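Position in the sequence shown (first residue = 1) + 982 = my numbering.
For glycine and all other residues, C-beta sits at the position ideal for the given N, C-alpha and C.
Being a predicted model, the structure only gives us computed values, none of them experimental.
Notes for the one structure printed next.
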Amino acid sequence: VAIPTTAGTGSEVGRAGVILNEQTHQKKIIFHPLMMPRVVILDPELTVSLPPAITAATGMDAFVHCFEAFCAPGFHPLADGIALEGMRLISTQLPRAYADGGDLAARMNMLAAASMGATAFQKGLGGVHAIAHPVGSLYDTHHGLTNAVILPYVMAFNRPAIETKCEIVGRTLGLKNAGFEGLLDWVLEFRQELGIPHTLAAIGVTPDRSALVGAEAAADPSAGGNPRPVDAAALEGIFLASIAGRL
């Protein structure tokens, strides 16, 4: 029986766990079908005391799960549909939960969206998670916050491969400009509304281990789901852009 107390990772519907090797600063994924909980209880009252900053960071983690899953290559229309509805829910419900932690309807919708994100990402993730995993282990940053900061930089890198999908996301979110530029602008404004910093430098990440981050990110399983092929050099470049704020 799994009972989440944050609305972010969606681990309650997952078949994987993450272990940090504190000596090598590597995160390793343990996967087995029997790790899937038999029963999940989503109780919004257990999340009302989550502070605004953690509400925002975990909620953005759920959004990135949905977005990367939708953009991942391959054919999985069921995951795509779940991802789109997850993003739509988060776009309206996360600001409400962030502004008022006692908003039970928003909290419930966010719990649903978090579970949906983790259901959708069976299709795949991408460069955001590939970079965020080593950054979190090397710099001890919050995973959801790291994802939220890195997201627009990976979007910019992936633009040639995701423009059509970004238009679909934009229409789903009801944006006036439903193209890539409109969605990127919305992501930047949404992050600002939730108090998410614009750069990794703002959360204490430095460029001194950029080559290691690039190498670890390239070896991360999430890298294989990126819409554009990536190697260590490309991922290191995105990481450095995320530190400097270069879009």
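TODO: Can you check DSSP and say which residues form a bridge with A989?
DONE: Answer by DSSP bridge pairing: none, since A989 is not bridged.
- [ ] Enumerate in chain order the residues of its own chain whose CB-to-CB distance from L1217 is below 8 Å, with the five nearest sequence positions on each side excluded.
- [x] G1109, A1112, I1113, V1195, G1196, A1199, A1200, A1205
Open item on the list: If you measure between the beta carbons of I985 and I1023, is that distance less than 7 Å?
Closed with: Closer than 7 Å, so yes.
Task: Exposure label - G1156; buried when at least 16 CB within 10 Å - done: exposed
Open item on the list: Which residue marks the beginning of the alpha helix (DSSP H) containing N1091, and which one marks its end?
Closed with: For N1091, the enclosing alpha helix (DSSP H) starts and ends at 1086-1102.
Task: Exposure of Q1075, with buried meaning 16 or more beta-carbon neighbours within 10 Å - done: buried
TODO: Report the option in A1183, V1000, A1094 whose CA atom is closest to the CA atom of H1014.
DONE: Of A1183, V1000, A1094, the smallest CA-CA separation from H1014 is found for V1000.
- [ ] From the DSSP output, in three-state form, read off L1217 for me.
- [x] helix
TODO: Please work out which residues of its chain come closer than 6 Å, Cβ to Cβ, to F1139, disregarding the five sequence neighbours upstream and downstream, and give them in chain order.
DONE: I1220
TODO: Could you please give the first and the last residue of the uninterrupted beta strand (DSSP E) stretch that includes F1045?
DONE: Where F1045 is concerned, there is no enclosing beta strand (DSSP E), although the alpha helix (DSSP H) it sits in stretches over 1034-1053.
Task: A1143 versus V1030 - alpha carbon distance - done: 39 Å
Open item on the list: Among the candidates A1096, A1039, A1088, whose CA atom is the shortest distance from the CA of E1175?
Closed with: A1039
- [ ] Taking 8 Å as the threshold, find out whether the region 1114-1132 comes into contact with the region 1175-1195 through three or more Cβ pairs.
- [x] yes
Task: First and last residue of the uninterrupted beta strand (DSSP E) at Q1008 - done: 1008-1013 is the extent of the beta strand (DSSP E) around Q1008.
TODO: Decide if A1226 is buried, meaning its Cβ has at least 16 other Cβ atoms within 10 Å, or exposed.
DONE: exposed
TODO: Could you please give me the residues that DSSP links to G999 through a beta bridge?
DONE: BP columns for G999 point to I1012.
Task: Backbone CA spacing between V983 and W1168 [nearest angstrom] - done: 37 Å
TODO: Would you check if the distance between the CB atom of I1064 and the CB atom of T1123 is smaller than 7 Å?
DONE: no
Open item on the list: Determine whether the beta carbon atoms of G1068 and A1087 lie at a separation below 7 Å.
Closed with: no
Open item on the list: I'd like the span of the alpha helix (DSSP H) that includes R961, first residue to last.
Closed with: In this structure the chain extends from 983 to 1229, so residue 961 is not present and cannot be described.
Open item on the list: Among I1150, A1183, G1106, whose alpha-carbon lies nearest the alpha-carbon of D1202?
Closed with: G1106
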